[in-house]
Amino acid sequence: MGQLLSGARLFSPGDGLDMRGDVLVENGRIAKVGKVDPAGHEVVDLTGLVLMPGFIDLHAHLREPGEEYKETIETGTLSAKRGGYTTVVSMPNTSPPIDSPEAVRFVIKKAKEAGHAKVIPAGTITKGREGKELAEMGLMAAEGAGMFTDDGSWVSSSSVMRRAMEYASALGIPVASHPEDGSLSGKACAHEGPLTLKLGFETAPREAEDIAVARDIFLCGLTGARLHLQHISSLGSAELVRRAKDTGLPVTAEVTPHHLLFTYEALQTYDTLYKVNPPLREEKDREALLSALADGTLDAIATDHAPHSPFDKEYEFPLAAPGMIWLEMAFSALYTMLVLPGKLSLERLVESLTTGPAGVLGLNDRGRIREGAVADLVAWDMSEEWEVRGLASLSRNNPLFGKVLSAKPKRIWIDGNEKEL
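Basically our numbering = 1-based index in the sequence shown + 10.
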């Protein structure tokens, strides 16, 4: 006997699916989509809801091990689940870093014990994230690492990055780059533009990102390896990605919610909640990113969920920790602030959270509503309004606290098993 999810609007743009119908779930996978005879099945009535594939986040900082006062794997994956995410990729810039097979096993074990969203650990490219010697990439891949990145640091040595990409290519795993030329960005806390120069911030030009993106794209062409570019934030970088794709290079890229929603104009209040890395840029950058997402140049929206305690954000702006939390509210915020005003289609938003990130990871059986796919599914009430408060995350660093958003997940299935929200 399977579980029959009945009566919902089935919405999976990556499958060309937008219809009212049923989904039969058996043995953790989708057995049938369409009109299904309910005889012999447990029927779950989802009338009035929109059933979508579970979201996949390519970029989440779960802070464990080492900074459990900010977030844990348990609280981070609970927050993800409550935001409609069924899979998250955990970043390896923990303390100590995830640079060994033992560390990868630790993350997977903790995620299974928590029992919320699934976690795919990213392993580091280099030992200790020092940019010098390759980490144990093959052993980490064997334990379940699904990406390699020194996130938080750019691998500035072209020879090291070349060897990493060649090795990762042999393993069939993407290398993700944090594109930031530190020799240009230095100790900057903000984007270099007319406003921030007036405010007196130490700044970095968008070219600090563009130069790193260009170098990595050249190495992608040299090695043929799958290159994923993290948190693209500038109009120049978006154009470089577009050109790389036009030439057929295996390049993918992500953008964060905050770079789609905010600009550096928010820094006029000196509110450290708007301090992120890469920094918020100008309106022309935000518009370019939105256009690049809409036309498919940017493959995925990744949260860059970066929890920080109030203490970490109470410093003056240049010293405060950069980052925002997003897992529990990303979809609702993007739906409310971009889709409802007509700035982005719902189809493209959902693609960028499902088939887009699944493609980056090579997970062709996730992020879909079709026969044979993993039954990671979320039923949404798109009209329900809710106030951002009382989140599962241990941290509160997001400027949308107290705001009212639309769209709330009501039921969720992970590997075919319904989980409590």
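For every residue, glycine included, the Cβ atom is placed at its ideal position computed from N, Cα and C.
With residue i and residue j assumed to form a contact (beta carbons below 8 Å), what rounded beta-carbon distance in angstroms separates them?
i	j	result
Phe-158	Val-117	14 Å between Cβ atoms; not a contact.
His-71	Ala-316	5 Å
Val-129	Thr-87	6 Å
Ser-243	Asp-220	Not really, about 10 Å apart at Cβ, beyond 8 Å.
Leu-344	Leu-232	About 35 Å separates the two Cβ atoms, so there is no contact after all.
Arg-115	Glu-78	At roughly 18 Å, the Cβ-Cβ gap does not stay under 8 Å, so Arg-115 and Glu-78 are not in contact.
Leu-14	Asp-32	6 Å
Lys-382	Ile-83	The sequence as given places Gly at residue 382; Lys does not occur at that position. Between Ile-83 and Gly-382 the Cβ distance is about 29 Å, and since that is not below 8 Å, they are no contact.
Asp-425	Asp-386	7 Å
Ala-235	Met-175	4 Å
Pro-106	Pro-75	7 Å
Pro-189	Asp-160	Not a contact, Cβ separation roughly 11 Å.
Arg-358	Leu-303	7 Å
Glu-146	Ser-179	Contact doesn't hold; Cβ gap of about 17 Å is too wide.
Leu-144	Ser-187	That belief does not hold up - the Cβ atoms of Leu-144 and Ser-187 are roughly 15 Å apart, past 8 Å.
Ser-16	Leu-56	6 Å
DSSP three-state label for residue i, please.
i	result
Lys-197	coil
Pro-419	strand
Ala-41	strand
Ser-187	strand
Ala-235	coil
Arg-216	coil
Met-11	coil
Tyr-325	coil
Leu-283	helix
Met-175	helix
Arg-358	helix
Val-60	strand
Leu-308	coil
Thr-365	helix
Tyr-95	strand
Thr-87	helix
Gly-192	helix
Leu-410	coil
Met-339	coil
Ile-379	coil
Gly-273	Reading the sequence as shown, one finds Thr at residue 273 and not Gly. If DSSP states are grouped into helix, strand and coil, Thr-273 belongs with coil.
Straight-line CA distance for residue i to residue j?
i	j	result
Ala-331	Thr-365	32 Å
Gly-333	Leu-373	28 Å
Glu-275	Ser-403	27 Å
Thr-134	Met-11	43 Å
Gly-125	Ser-89	12 Å
Ala-312	Ala-127	15 Å
Arg-73	Tyr-95	18 Å
Ser-393	Arg-253	39 Å
Asp-191	Met-339	31 Å
Ser-319	Arg-399	16 Å
Glu-249	Ser-301	11 Å
Ile-183	Ala-49	43 Å
Asn-408	Leu-337	11 Å
Glu-217	Leu-229	18 Å
Ser-195	Pro-289	10 Å
Leu-356	Leu-410	21 Å
Lys-285	Glu-202	14 Å
Ala-200	Gln-278	11 Å
Gly-1	Val-165	The requested residue 1 does not occur in the structure, where the chain is confined to residues 11 to 431.
Tyr-280	Asp-47	59 Å
Gly-156	Lys-208	43 Å
Leu-348	Arg-380	27 Å
Of the choices the options, whose alpha-carbon is the least far from that of residue i?
i	options	result
Pro-63	Leu-363, Asn-427, Lys-42 and Thr-134	Leu-363
Leu-415	Gly-234, Gly-93, Arg-253 and Gly-156	Gly-93
His-69	Asp-55, Val-43, Val-99 and Val-54	Val-99
Arg-19	Asp-391, Gln-240, Ser-110 and Val-349	Asp-391
Val-388	Met-171, Gly-258 and Glu-428	Glu-428
Arg-296	Phe-211, Phe-341 and Gly-246	Gly-246
Val-261	Val-360, Gly-369 and Glu-123	Gly-369
Lys-122	Leu-144, Thr-97, Thr-136 and Met-101	Thr-97
Asn-37	Gly-210, Pro-351, His-51 and Arg-30	His-51
Ala-417	Leu-283, Leu-61, Asp-55 and Val-46	Leu-61
Gly-258	Ala-298, Phe-65, Gly-210 and Thr-307	Thr-307
Kindly identify the DSSP beta-bridge partner or partners of residue i.
i	result
Ile-108	DSSP output for Ile-108 lists no bridge partner at all.
Ile-424	Asn-427
Val-384	Arg-39
Ala-18	Gly-31
Ala-70	Ser-100 and His-315
Lys-128	Thr-97
Thr-262	His-238
Ala-389	Leu-61 and Arg-421
Phe-158	Gly-133 and Val-185
Asp-55	Ser-16
Leu-144	Thr-136
Trp-396	Leu-415
Met-334	His-315
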